[in-house]
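Everything below concerns the one structure shown next.
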Ligand SMILES: Cc1cc2nc3c(=O)[nH]c(=O)nc-3n(C[C@H](O)[C@H](O)[C@H](O)COP(=O)(O)OP(=O)(O)OC[C@H]3O[C@@H](n4cnc5c(N)ncnc54)[C@H](O)[C@@H]3O)c2cc1C
């Protein structure tokens, strides 16, 4: 049971001295933990909220090579990001997928469509031609390809490829947390660092269990601050001065109740001249984003954000009826932590924004991770291994691959076993894909265990909730392995149910009670009540 896993890990946290303690389990903390634990380093990972519950759950879900930085001439950055993207797709072929971006250029836009098309050719070449080649598109071609595009205001367009995270950004983050735990890392969600003190040659970190309020202390040789937008605040707590710091750009997406064409993303240039995406998200559509400079990382969606997104969507799309606030199922809102050094603030917003910087203080074995992207996560993990080794921490296990899906032969074996079991025959007719594909993508080698439970009892392949494509055996495994501490951990982050199903439909779903019971046992009623309270609009 998730709650037991968490309690055990919290007990282990307070009894051991770790080689490395990582604060923050967004993408940067999660990959650091997986990379180090795979090399045999004694690692602890804590997050004051849920794993991947910060910025890493608010992204556009893209693994992209940064096409927009071509405009500012950032060829080096684009080359680096394309390389990272290609590496990610090769490593996670079921999870990170190529998708076409059908892009419309408005009349009077600052660049003509043919020139932008040439830009996509350059992008494709810089991306080592790893994706399908771009194609120029006339207005009529755009309309034929997707009748949702409004072409009377368009001058032309093109289609190019980039990649997206099929399931969800925070699920992707959790896969690294889980991998770290498999390699022996001690990880706990809802455990925050409340004070950080340097003692005689080690760090002493006061921690607080955000669920029961209990406090204790953890010690470590090396401290990694991976608190995303809160890196600076936590560094102040540790009395650490750094040359880098963060500035923030707020970004909002709305998920609306429209059926998308799942095969492509629609791209436009919004009224502020920035790229604007209409992205399929399961059975619904995610639209955004905004880009507003803010001082405080604690942000909320406001009416200005909603109006900007809805107005642009209504302006750019050919809809049977305009989108209104009633169409909104869920909202995503976060800040991009943008790394700046010294006085360079806003010198070049675009250039500053997308690079990560790992700042190391060798004298006291302190590491801060600034900025970054989901797309670049493998590089962050690799850098951290090297830095931690240079700080004198022993790496008892030889280098090995700490990321990626299992070997293709393991997948082939899974597909054979699933076929022999007749798994796809049990697929719910309402499902968007066969069970074999889905279970493999979501759970990799752990999906074998699900086959076993379905063999024991075909009921385990039944869908539990009317509105969510999750099977009994998936919920059982989540209950054991995914540290579900609050229902929202599963509904919003391990899955994307609450992003694509209205809150009222979730709460009224006849299967919800049983679903909760499997996830959190005898705490089902309390956790259900907590979910209802905490998600009340
Ligand atoms: C709108 C938007 C769209 C984006 N789109 C993309 C995209 O399509 N592709 C892409 O690659 N990138 C994208 N990004 C960027 C990417 O999402 C972020 O750069 C990345 O998620 C940052 O990860 P992180 O680990 O640094 O921070 P976070 O994910 O914020 O993680 C930091 C964690 O630290 C925890 N924490 C804070 N204080 C404490 C404490 N005292 N004790 C313990 N834990 C603490 C927080 O709870 C949080 O979980 C986007 C960002 C935004 C905002």
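In the working numbering, the protein residues as written are 6 to 542. Note that the Cβ used here is the ideal one computed from N, Cα and C, for glycine as well.
Residues that residue i bridges to, as DSSP identifies them
i, result
"residue 290", "261, 285"
"residue 225", "23, 208"
"residue 344", "251"
"residue 108", "163, 272"
"residue 297", "255"
"residue 366", "371"
"residue 214", "196"
"residue 389", "Beta-bridge pairing links residue 389 to no other residue."
"residue 230", "28, 373"
"residue 490", "None; residue 490 has no bridge partner."
"residue 484", "According to DSSP, which records beta bridges pairwise, residue 484 is partnered with nothing at all."
"residue 169", "67, 102"
"residue 220", "213"
"residue 339", "256"
Host beta strand (DSSP E) of residue i (start-end)
i, result
"residue 374", "371 to 375"
"residue 528", "Premise fails: residue 528 is in no beta strand (DSSP E) and is neither H nor E."
"residue 74", "Unbroken run through residue 74: none, as it is neither H nor E."
"residue 200", "196 to 203"
"residue 51", "48 to 51"
"residue 142", "140 to 142"
Neighbourhood of residue i by C-beta, 8 Å cutoff - its chain only, sequence neighbours within 5 removed
i, result
"residue 179", "35, 56, 57, 487, 498, 499"
"residue 60", "31, 233, 234, 339, 340, 341, 342"
Whole-angstrom C-beta distance between residue j and residue i, which should lie under 8 Å
i, j, result
"residue 383", "residue 93", "7 Å"
"residue 249", "residue 375", "5 Å"
"residue 227", "residue 25", "5 Å"
"residue 336", "residue 257", "7 Å"
"residue 182", "residue 193", "10 Å between Cβ atoms; not a contact."
"residue 197", "residue 215", "6 Å"
"residue 441", "residue 433", "About 14 Å separates the two Cβ atoms, so there is no contact after all."
"residue 107", "residue 269", "5 Å"
"residue 540", "residue 508", "6 Å"
"residue 377", "residue 361", "3 Å"
"residue 577", "residue 469", "Examination of residue 577 is not possible in this model, given that the chain is present from 6 through 542 alone."
"residue 492", "residue 532", "5 Å"
"residue 115", "residue 278", "7 Å"
"residue 318", "residue 292", "5 Å"
Other residues of its chain near residue i: CB distance less than 6 Å, five sequence neighbours each side excluded
i, result
"residue 302", "234, 253, 340"
"residue 141", "122, 163"
"residue 474", "436"
"residue 120", "none"
"residue 364", "247, 249, 373"
"residue 465", "458, 459, 477, 478"
"residue 19", "221"
"residue 315", "328"
Range covered by the alpha helix (DSSP H) that runs through residue i
i, result
"residue 182", "174 to 187"
"residue 42", "32 to 43"
"residue 192", "Here residue 192 belongs to no alpha helix (DSSP H); instead the beta strand (DSSP E) covers 191 to 193."
"residue 129", "118 to 131"
"residue 237", "236 to 242"
"residue 476", "From DSSP, residue 476 is part of no alpha helix (DSSP H); its letter is neither H nor E."
"residue 471", "Run containing residue 471: none; DSSP gives neither H nor E here."
"residue 506", "Run containing residue 506: none; DSSP gives neither H nor E here."
"residue 408", "Element bounds for residue 408: n/a, residue is neither H nor E."
"residue 447", "440 to 448"
"residue 308", "308 to 321"
"residue 423", "413 to 426"
"residue 496", "First-last for residue 496: undefined, no H or E at that position."
Close beta carbons around residue i, own chain, < 7 Å, minus the five adjacent residues each side
i, result
"residue 75", "83, 124, 127, 128"
"residue 310", "257, 295"
"residue 415", "450"
"residue 42", "48, 185, 188, 189, 190"
"residue 97", "409, 410"
"residue 313", "295"
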